[in-house]
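Novice: Mind looking over this structure? Questions follow.
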């Protein structure tokens with residue numbers, strides 16, 4: 007972990023103080039179940055659950071759940087590492103509060119809003135296609151340094167095939 011670069015200041019340490027990993031089967035056909043808490047210097051402990059199956063051809067992550075603050079991030083993915091080296095995944099985010107941004111973005115305060123997303127990823131591991139939608143409702147923050155105090159930020163970003171990004175109406 008010490009060699010992983012995370013472009014967030016100040017530098018943080020990532021810790022996993024508790025957890026269990028159960029693996030059954032063989033290298034050619036296995037099943038695993040991971041339940042752990044992951045947190046760090048500036049990140050509160052979050053409960054992670056990852057369940058999957060794998061073999062010599064692919065790994066199927068049937069359940070990925072992260073309980074974070076007052077929300078949940080769920081996902082599933084299939085990664086094929088044979089000749090095609092492809093990924094198929096879906097990510098759903100439902101965050102009721104955005105106060106975690108206070109830890110990540112220095113100089114802001116009074117952060118609020120609800121963030122939801124449903125994103126699909128499909129294609130080669132080296133360049134998968136992302137499609138889906140990210141929505142921010144009733145967002146707000148203050149930055150005294152820049153004199154910004156936006157309120158009632160409602161924004162939808164839609165990612166379409168072939169990399170096209172459509173930013174819907176943003177109301178501030």
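Numbering (the working numbering), first residue to last: 7 to 178. Ideal Cβ placement from N, Cα and C applies to all residues, glycine included. Quick caveat, the model's predicted, so the values are computed rather than measured.
Looking at the unbroken alpha helix (DSSP H) that takes in residue 88, where does it start and where does it end?
Specialist: Taking the first residue of the chain shown as 1, we reach residue 88 at position 82. Where residue 88 is concerned, there is no enclosing alpha helix (DSSP H), given that its DSSP letter is neither H nor E.
Novice: Among 123, 134, 107, 59, which one has its Cα closest to the Cα of residue 90?
Specialist: The residue given as residue 90 occupies position 84 in the chain shown. Among 123, 134, 107, 59, the Cα nearest to that of residue 90 is on 134.
Novice: Per DSSP, which residues does residue 96 bridge with? Please list them.
Specialist: As a working mapping, residue 96 is identified with position 90 in the chain shown. The partner list for residue 96 (beta bridge, DSSP) reads 82, 126.
Novice: How do the region 112-121 and the region 147-161 stand: do at least 3 beta-carbon pairs fall below 8 Å, yes or no?
Specialist: yes
Novice: Buried or exposed for residue 33, going by 16 or more other Cβ atoms inside 10 Å?
Specialist: Within the chain shown, the letter at position 27 stands for residue 33. Residue 33 should be labelled exposed.
Novice: State the Cα-Cα distance for the pair residue 38 and residue 160, rounded to the nearest angstrom.
Specialist: Locating residue 38 in the chain shown gives position 32, counting from the first residue. Locating residue 160 in the chain shown gives position 154, counting from the first residue. About 40 Å.
Novice: Which residue from 140, 55, 152, 49 puts its Cα closest to that of residue 163?
Specialist: Working through the chain shown from its first residue, we reach residue 163 at position 157. The residue with the shortest Cα to Cα distance from residue 163 is 140.
Novice: Identify the continuous beta strand (DSSP E) that holds residue 104 and give its terminal residues.
Specialist: Residue 104 sits at position 98 when you count from the first residue of the chain shown. Careful: residue 104 lies outside any beta strand (DSSP E) and carries neither H nor E.
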